[in-house]
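Report on the structure given below.
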Amino acid sequence: MKAHVWLTAILAVLLAAVAAPAAAGEGDPPPQPQLNARPTLSEKKVRLIGGSDNVVRSGPGDTFAIVGVYSKGAEFPVIAKRGEWYNVHLSDTNTGWVHASLCKELDDMSDLEFRPNPKLFSRIGSFTLTGYTGGYAFDEKSNSLVLGGRVGYYVFEFLEIEGSVGWTHINRPAEIVESLFDLALEEEDFEMVFYAMNANVILLPGRQLVPFLTGGVGSSISEGDTENSWNFGIGADVFVQKTVAVRFEFRNYRFDYGTADSRTEASNFEFSVGATLFL
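Numbered by our numbering, the letters in the sequence shown go through residues 35 to 313 in order.
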């Protein structure tokens, strides 16, 4: 009888011990995942050690502008390293450079020393405004100045949709093409306006040097005639500031022109240099 009582008591104690943690956790809300959490598996950081005025600059050198002053103990993820300067991640939209004398490495940075063209920003949802000038070769026989502008929108990291308009003045002298029969091409002197809608495929999105491929369709208007055209080319944006880039671009424009009896295909080349503002 006593054994039975002791066995019952032991079972009651065990059940109470198991049920207590479960009852205590019933009122606690389940843990929620942190939104937009930064991955930490490969993140490398530095800690500021230079007192209350640790200067962070826009580039790796004392001549660059100051983008912030931070107190001792602040820690920042490192994007890249150039000599004695660390490129640090300040926020989701800003980066800066801090000198080695003002910070301490918390991780091994040796693999960042020679890292070229690191990714700095996301451009998704950004509008772009570009003004450009350059040279335009009409049908490989006339070189002229070209002026133009472009408006773009980043749909994805790797895709920008862009509309453009350009102007050039074609001046091609008369040319003898067959001396035996005295055949010649008449002098051509006219202005041409061309516009296009292009898709730019971004090869290295978010970097300081951003090469891209482009292709699109449009029209060319000259001497009262409008001709359908298509184009393709390559280019690159070189960022001098977070929202300002110098753009180099080379395009080939193709379209048919001439009278109904003598249609010919023009293959025109455009090399341009411009400035792009990111909004």
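For glycine and all other residues, C-beta sits at the position ideal for the given N, C-alpha and C.
Counting of Cβ neighbours within 10 angstroms places Val-274 among the exposed residues, the total staying below 16. The beta-bridge partner set that DSSP reports for Glu-261 consists of Ser-254. Within the stretch 86–161, complete beta strand (DSSP E) segments of at least 3 residues are found at 88–91, 100–104, 109–116, 119–123, 129–133 and 137–139, given in chain order.
Here the C-alpha atom of Pro-94 lies approximately 16 Å from the C-alpha atom of Val-80. In this structure Ala-270 is in contact with Pro-245, their Cβ atoms being roughly 5 Å apart against a cut-off of 8 Å. For Phe-305, the enclosing beta strand (DSSP E) starts and ends at 298–312.
Per the coordinates, the alpha-carbon of Val-280 lies some 22 Å from the alpha-carbon of Ile-100. Rounded to the nearest whole angstrom, the C-alpha separation of Gly-267 and Ala-309 is 18 Å.
Annotated three-state conformation of Ile-83 is coil, per DSSP. Glu-222 sits in a strand when the DSSP states are folded into three classes. Following the DSSP letters along the chain, one finds Val-274 in no beta strand (DSSP E), marked with neither H nor E. Burial is judged here by how many other beta carbons sit within 10 angstroms of a residue's own beta carbon; Gly-186 has at least 16 and is buried. Within the DSSP secondary-structure output, Val-189 pairs in no beta bridge.
Burial is judged here by how many other beta carbons sit within 10 angstroms of a residue's own beta carbon; Lys-138 has fewer than 16 and is exposed. Linking Met-143 to Leu-311 through their CA atoms gives a straight-line distance of about 33 Å. The beta carbon of Trp-201 sits closer than 6 Å to the beta carbons of Leu-181 and Val-227 from its chain, once the five residues preceding and following it are set aside; these are given in chain order. In this structure, the straight-line span from the alpha carbon of Arg-184 to that of Phe-284 is close to 14 Å. Here Glu-191 has Ser-156, Arg-157, Ile-158, Ile-236, Pro-239 and Gly-240 as same chain residues with Cβ atoms under 8 Å from its own Cβ, once five neighbours each way along the sequence are excluded.
With respect to the C-alpha of Glu-118, the residue from Glu-109, Glu-304 and His-133 having the closest C-alpha is His-133. Considering only Leu-179, Lys-175, Gly-169 and Tyr-188, the residue with the shortest C-alpha distance to Ser-160 is Tyr-188. Counting every other CB atom within 10 Å of its CB across the protein chains shown gives Thr-298 a total below 16, marking it as exposed.
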